[in-house]
Amino acid sequence: MKSIELSQKYHQYKSLVLILILVIFYLVGIVGLTSSFREDFLPLSFMNLLISFIVLLLALKNHSLRFYTFVVAGFSIGMVAEWIGVHTGLLFGNYIYGNNLGPILYGVPLIIGINWVMLTIISGSIAERFKIHWFLKAVLGTFLMLFLDLLIEPIAIISDYWTWSGDIPFSNFVGWFMIAFVIQLLYFSMKLGEQNTVATVLYILQFVFFLILNIVL
9 MKSIELSQKY
19 HQYKSLVLIL
29 ILVIFYLVGI
39 VGLTSSFRED
49 FLPLSFMNLL
59 ISFIVLLLAL
69 KNHSLRFYTF
79 VVAGFSIGMV
89 AEWIGVHTGL
99 LFGNYIYGNN
109 LGPILYGVPL
119 IIGINWVMLT
129 IISGSIAERF
139 KIHWFLKAVL
149 GTFLMLFLDL
159 LIEPIAIISD
169 YWTWSGDIPF
179 SNFVGWFMIA
189 FVIQLLYFSM
199 KLGEQNTVAT
209 VLYILQFVFF
219 LILNIVL
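Those letters in the sequence shown? Residues 9 to 225, per the working numbering, in order.
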């Protein structure tokens, strides 16, 4: 019984520490991107996403082969979809990536593939809290991802994350929904849904982060 209590306290304190790390990084990000040092902070955006993903992995309880199979599959689906989008204009519309998202492979920043996986997991952590069929959880998780994209798009354009040839097309949101739904279906069909406090807080932090930037910038 004592060992169980110690394990619970360990996971509780671990979650608090990881949440604190995320809060600090996102606060620094908000201050930096809304200050006169904005241009210096923008190239560090991919580092913020990478650190967020690492913290998320540390917080998750499931580190099975099945989970990492999903990570590789989700990353690959996201990267292939983005490659198609960048080089053909299909799925999302005509756009190109800028220089503030780190290393680029065939026109697509590697962090974008990671971000597809991260957004799936943090949106899925909220959907997992509902006692509904896993298919409906995938649908809910997809809408949560789409909701974040609505906030991200305006900031991405003014931050040189990516650029559209004209206004943001409606096809972008349709394409985003389709790809997000495919990855969410994979996630929940593999029974990987996890009610994780850190993951849920990360979703909320991203929502608040981009909402504030939309208001201030």
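Don't be surprised by glycine CBs; every beta carbon is placed ideally from N, CA and C.
(request) Name the residue from PHE78, VAL80 and PRO117 whose alpha carbon lies nearest to the alpha carbon of GLY93. (result) Nearest C-alpha to GLY93: PRO117.
Determine the DSSP secondary structure at PRO117, reduced to helix, strand or coil.
In the structure shown, PRO117 falls within a strand segment according to DSSP collapsed to helix, strand and coil.
Problem - Proximity winner among LEU219, ALA164 and PHE181, relative to PHE151 (alpha-carbon distances) - result: Ranking the options by Cα distance to PHE151, first place goes to PHE181.
Under the rule that 16 or more other beta-carbon atoms within 10 Å means buried, what is MET186, buried or exposed?
Classification of MET186: exposed, given that the 10 Å Cβ count is below 16.
In the structure shown, what three-state DSSP assignment does THR208 receive? Annotated three-state conformation of THR208 is helix, per DSSP.
Compute the Euclidean distance between the alpha carbons of SER53 and THR208, then round it to the nearest angstrom. One alpha carbon belongs to SER53, the other to THR208, and they sit about 21 Å apart.
Compute the Euclidean distance between the alpha carbons of SER60 and GLY174, then round it to the nearest angstrom. Using only the alpha carbons, I get a separation of about 31 Å.
What distance in whole Å lies between the Cβ atoms of PHE218 and ILE134, which are believed to be in contact at a cut-off of 8 Å?
About 16 Å; that fails the 8 Å criterion.
Using three-state DSSP, classify ILE104 as helix, strand or coil. Residue state for ILE104 is assigned as strand, using DSSP reduced to three classes.
Within 10 angstroms of its Cβ, does ASN204 collect 16 or more other Cβ (buried), or is it exposed? By the neighbour-count criterion, in which 16 or more other beta carbons inside 10 Å mark a residue as buried, ASN204 falls on the buried side.
Among ILE176, GLU136 and ILE166, nearest to SER197 - alpha-carbon criterion
Closest in C-alpha terms to SER197, from the list ILE176, GLU136 and ILE166, comes GLU136.
Span of the alpha helix (DSSP H), counted from its first residue to its last, around THR77: The continuous alpha helix (DSSP H) containing THR77 extends over residues 73-96.
Residue range of the alpha helix (DSSP H) that includes THR150 = Where THR150 is concerned, the enclosing alpha helix (DSSP H) stretches over 142-166.
| query | Which residue's Cα is closest to the Cα of LEU225: LEU41, GLY149 and ASN70? | reply | For LEU225, the closest alpha carbon among the candidates LEU41, GLY149 and ASN70 is that of LEU41.
* Asked: Cβ atoms of ILE120 and LEU210: under 8 Å apart, would you say?
  -> ILE120 is positioned such that its CB atom lies no closer than 8 Å to that of LEU210.
Subject >> Selection from ILE122, ILE166 and TYR21 that minimises the alpha carbon distance to GLU90 >> reply: Considering only alpha carbons, the answer is ILE122.
Extent of the continuous alpha helix (DSSP H) to which LEU3 belongs
A question about residue 3 goes unanswered here, because the residues of the chain that appear run from 9 up to 225.
Review point. By DSSP, does THR128 sit in helix, in strand, or in coil?
Key: DSSP places THR128 within a helical segment (H, G or I) once states are collapsed to three.
Identify the continuous alpha helix (DSSP H) that holds TYR195 and give its terminal residues. Unbroken alpha helix (DSSP H) run through TYR195: 178-197.
Exercise. Flag this pair as yes or no: are the beta carbons of LEU64 and MET126 separated by less than 8 Å?
Key: In this structure, LEU64 sits near MET126, with a CB-CB distance shorter than 8 Å.
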